[in-house]
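First up is the structure itself, then whatever we jot down about it.
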Amino acid sequence: MMDIDALKLNIEKGSLLGYEVGQQVPTEAHSQNITNFDYGYAVYVLGSVISAIFICFMTDYEGFKSYKGSICFSGKEFHLEQNTSFDEVASIFGEPVEEWNDGVERCAEFLVNGRTVGFIWCVDGKLALKHLSIEIA
């Protein structure tokens with residue numbers, strides 16, 4: 101069983117549990133994604149590089165349970181959840197570089213150290229934070 105205190109997403113480094121977006125992976129790990137449905141995260145590998153880290157906040161979205169770890173940004177630790185609003189995220193990360201709302205989902209993207217940090221909310225019905233991803237910009 102994983103120590104929940106060790107589950108920290110570092111936004112500036114784009115890292116989770118030692119996996120860092122943009123990092124090369126060993127040959128035997130090429131194109132092998134690391135998915136933990138119980139703890140609400142996935143690390144995606146494209147070829148030989150970690151291309152993205154996915155964090156799920158909405159239980160049962162794509163089979164994931166809700167992420168219970170923390171998110172570290174600017175020397176502070178945050179605990180986001182399904183009920184975290186767009187305004188709360190913007191108060192942490194500032195003005196998004198890109199934003200859209202198609203009536204089903206709302207997206208806010210932030211650029212942090214050359215990586216895109218994207219948040220998606222479900223807006224069809226009750227507003228709910230679905231997930232975030234960190235990707236190479």
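Heads up, the numbering used here is the position in the sequence shown plus 100, with the first residue counted as 1.
Using N, Cα and C, we set each Cβ at its ideal position, and we do this for glycine too.
Please name the residue in the options whose C-alpha comes closest to that of residue i.
i, options, result
"D105", "I234, Q123, Y139, N213", "Y139"
"V197", "F157, C156, V212", "V212"
Residues in the same chain with beta-carbon distance under 8 angstroms from residue i, minus the five sequence neighbours each way, listed in chain order, please.
i, result
"R215", "G114, V121, G122, I234, E235, I236, A237"
"G194", "F210"
Determine the burial state of residue i: buried for a count of at least 16 other Cβ atoms within 10 Å of its Cβ, exposed for fewer.
i, result
"H179", "exposed"
"V204", "exposed"
"W221", "buried"
Which two residues bound the contiguous beta strand (DSSP E) that contains residue i?
i, result
"I171", "170 to 173"
"V212", "205 to 212"
"N201", "198 to 201"
How far does the alpha helix (DSSP H) with residue i in it extend, from its first residue to its last?
i, result
"E112", "E112 -> no alpha helix (DSSP H), and no H or E assigned at all."
"F240", "What the structure shows of the chain is the stretch from 101 to 237, and residue 240 is not part of that stretch, so it cannot be assessed."
Just grab the DSSP bridge partners of residue i for me.
i, result
"K176", "F173"
"F154", "A142, S233"
Short of 6 angstroms in beta carbon distance, which residues of its chain neighbour residue i, apart from the five on each side in sequence? Order them along the chain.
i, result
"D224", "V204"
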